[in-house]
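Participant: One structure, as structure tokens, below. Some questions next.
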Amino acid sequence: MSDPLTAGLLVTLPVQEFVKSGTEDLTKRFTAEAIAKIPVLWGKIKARLTGKSPKVDEALVKVEGGDSAAIETITKNLDVVLDDDPIFAEELQLLAKDIKAGELRQVGLENVEAGELDAEVDQQVKGQPTANTEQIGATGLKVTGKATIKTKQSIE
170 MSDPLTAGLL
180 VTLPVQEFVK
190 SGTEDLTKRF
200 TAEAIAKIPV
210 LWGKIKARLT
220 GKSPKVDEAL
230 VKVEGGDSAA
240 IETITKNLDV
250 VLDDDPIFAE
260 ELQLLAKDIK
270 AGELRQVGLE
280 NVEAGELDAE
290 VDQQVKGQPT
300 ANTEQIGATG
310 LKVTGKATIK
320 TKQSIE
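The following block contains the structure:
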């Protein structure tokens with residue numbers, strides 16, 4: 170997949186609901202609108218992967234049971250499906266972008282070290298932001314030469 174929203178991210182977004190270790194409460198990280206779309210994304214992934222093989226079916230059950238080790242199997246198989254079906258890939262991409270846009274804390278550039286830097290950061294929050302909504306254009310940058318950062322932040 171060439172889009173920045175990789176199969177790994179497409180799987181990680183919805184399985185946060187099942188795999189709690191290391192993840193904060195979703196209501197602290199996403200708007201209500203984004204949280205409502207998470208099971209929709211998972212449903213589409215699960216429907217497409219169910220029946221591909223016994224190993225994939227087992228991985229789907231394990232992830233829903235909270236086993237993060239099964240994520241790799243799902244990601245690998247989803248990556249193949251996305252390469253074979255660009256329309257389905259686009260459908261998941263759009264849904265995932267809506268979910269990502271509902272993150273309460275967005276960081277455009279974080280902990281980047283470079284000799285020179287020329288970057289554009291475009292951040293959008295969709296839905297009803299809360300007092301906890303943060304958009305951080307750049308943080309933790311170490312640039313030894315020229316740095317140009319254009320930041321566009323919006324709440325829709």
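The numbering of the sequence shown is the numbering used here, which starts it at 170 and goes up by one. Backbone N, C-alpha and C fix where the C-beta goes; we use that ideal spot for every residue, glycine too.
For Glu-289, which residues in the same chain have their Cβ closer than 7 Å to its Cβ, ignoring the five residues on either side in sequence?
Facilitator: Here residue 289 is taken as the residue at index 120 of the sequence shown, counted from 1. Excluding positions up to five away in sequence, the list reads Lys-319.
Participant: By DSSP's criteria, Thr-308 is part of a beta bridge. Which residues make up the other side?
Facilitator: For the purposes of this step, residue 308 is taken as residue 139 along the sequence shown, with counting starting at 1. The partner list for Thr-308 (beta bridge, DSSP) reads Glu-279.
Participant: Nearest by alpha-carbon distance to Lys-315: which of Asp-287, Thr-175, Gln-322 is it?
Facilitator: Reading the sequence shown from its first residue, position 146 is the one you call residue 315. For Lys-315, the nearest C-alpha among the options comes from Asp-287.
Participant: Taking the alpha helix (DSSP H) that Thr-226 falls in, what are its first and last residues?
Facilitator: What you label residue 226 is simply residue 57 of the sequence shown in a count that begins at 1. The amino acid at residue 226 is misidentified as Thr; the sequence shows Asp. 223-233 is the extent of the alpha helix (DSSP H) around Asp-226.
Participant: Between the Cα of Pro-223 and the Cα atoms of Val-250, Asn-246, Ala-265, which residue gives the shortest distance?
Facilitator: As a working mapping, residue 223 is identified with position 54 in the sequence shown. That would be Asn-246, whose Cα lies nearest to the Cα of Pro-223.
Participant: Short of 8 Å in beta carbon distance, which residues of its chain neighbour Leu-264, apart from the five on each side in sequence? Order them along the chain.
Facilitator: Residue numbering aside, residue 264 sits at position 95 when the sequence shown is read from its first letter. Here the set comprises Lys-206, Val-209, Leu-210, Lys-213.
Participant: Considering only the beta carbon of each residue, do Leu-261 and Phe-199 sit closer than 8 Å?
Facilitator: By one-based count along the sequence shown, residue 261 stands at place 92. By one-based count along the sequence shown, residue 199 stands at place 30. Cβ atoms of Leu-261 and Phe-199: not closer than 8 Å.
Participant: Between Val-232 and Thr-219, what straight-line distance do the alpha-carbon atoms span, to the nearest angstrom?
Facilitator: Residue 232 sits at position 63 when you count from the first residue of the sequence shown. Residue 219 sits at position 50 when you count from the first residue of the sequence shown. When rounded, the distance between both Cα atoms is 13 Å.
Participant: Pull up the distance between the alpha-carbon of Ile-204 and that of Leu-178, whole angstroms please.
Facilitator: Mapped onto the sequence shown, residue 204 falls at position 35. Mapped onto the sequence shown, residue 178 falls at position 9. Roughly 15 Å between the two C-alpha positions.
Participant: Counting C-beta neighbours from all protein chains within 10 Å, is the total for Gly-309 16 or more, i.e. buried, or is it exposed?
Facilitator: The residue labelled residue 309 in the question sits at position 140 within the sequence shown. When all chains shown are included, Gly-309 counts as exposed.
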